[in-house]
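Residue 211 in our numbering is what sits at position 217 of the sequence shown, and the numbering runs on without skipping anything.
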Amino acid sequence: MESEIGMVLGLFVVVANVLGAGMIVPQVVRLRRLQSTAGVSPTWIGIGLAMNLWWVAYGTSQSLWGMLPVSVIAAVLYALIAGELHRLDGLRSLHLVFRGAIGIAVAPLLFLIVGGWAAAGLVIGLIYAIQFAPAAIAALRTNDVSGVAGATWVMALGEAIIWFVYGWSTGDLALIIGGAGGAVMSLVIVLRVAQLAQHKTQSERVTVAPLRELLASDSA
């Protein structure tokens, strides 16, 4: 029975790594394709970059090897998005990325110095729980999320749920807190993107219908 549970958890880790590494790809592709950063939070990018580097350090210290691939690849992809934001929006976005990264990276370092990896890990988990908050706030504050890749946040939701389950099974409080918070924030963004997409579709129908009637009357 224990071996079967271990196999399931191992499969979960593989899926989480695939989702975590792949979730940023749709966002990079969307930025390149649309050349628009509408609704994308530079602060989230900075926090994501810093936190994935911290997860690499934490995973190494606690021998949680299953989380290392996703953390390393995600850090690289976050850096790519930062580059895209700089290309599209200039130094202002890069400044916000840098400020987000530095501002959030300090807290785990302080707790690491004072209480070791146990304390630092808990803080990392707490920050992961709110890591997506800037992205959620940015999505809620605007009616234009055309730059936001919905697929990114669907994958983020799946990854967060898996890490929550993995943390619950292994008794790792940092992963439990981080997974739960990440899932909530991801769900908020998914619902917001879906809501605005539906509203846009309805608006287009309202606009197109009278135009069709006008064209029909002209033909008559």
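No residue lacks a Cβ here, since even glycine has one placed at the ideal position from N, Cα and C.
This structure is a prediction, so every number in the text was calculated from the model and none was measured.
In terms of Cβ geometry, V50 and V70 do not form a close pair [threshold 8 Å]. Positions of the alpha helix (DSSP H) runs, each at least 4 residues long and wholly inside the segment 108 to 156, are given as 127 to 135 in order along the chain. The Cβ neighbour count for R186, taken over all protein chains shown within 10 Å, is at least 16; the residue is labelled buried. Close CB contacts of W162 within its chain, under the 6 Å cut and outside five residues either way in sequence, are with I170 (chain order).
Its chain contains G60 as the residues whose beta carbon lies nearer than 8 Å to that of G4, once the 5 sequence neighbours on both sides are disregarded; these appear in chain order.
Taking G53 as the centre and dropping the five residues before and after it, the same chain places the C-beta of M61 and L62 closer than 6 Å to its C-beta, in chain order. At the C-beta level, A95 and G40 come within 8 Å of one another. In the three-state reduction of the DSSP assignment, L58 falls in the coil class, being assigned neither a helical nor a strand state. Collapsing the DSSP output to three states places G165 in coil. Inter-segment contact for the segment 78 to 87 and the segment 23 to 40 is present: three or more beta-carbon pairs are separated by less than 8 Å. For V23, the enclosing alpha helix (DSSP H) covers residues I18 to L28.
For Q56, same chain residues with a beta-carbon under 6 Å away, outside a window of 5 residues either side, do not exist.
Contact between P36 and S87 is confirmed by a C-beta separation of about 4 Å, below the 8 Å threshold. Look at A73 here: in three-state DSSP terms it is helix.
Taking the C-beta atoms as reference points, L116 is found nearer than 8 Å to A168. Scanning its chain for C-beta atoms nearer than 6 Å, with the 5 sequence neighbours on each side dropped, one finds around A145 the residues P20, in chain order. Counting every other CB atom within 10 Å of its CB across the protein chains shown gives L58 a total of 16 or more, marking it as buried. The alpha-carbon of G97 is positioned some 14 Å away from that of L47. Contact annotation, V139 with L181: C-beta distance approximately 15 Å; criterion of less than 8 Å not satisfied.
Residue environment analysis places G109 among the exposed positions, since fewer than 16 neighbouring C-beta atoms fall within 10 angstroms of its C-beta. Taking C-alpha positions only, I121 is separated from W157 by approximately 14 Å.
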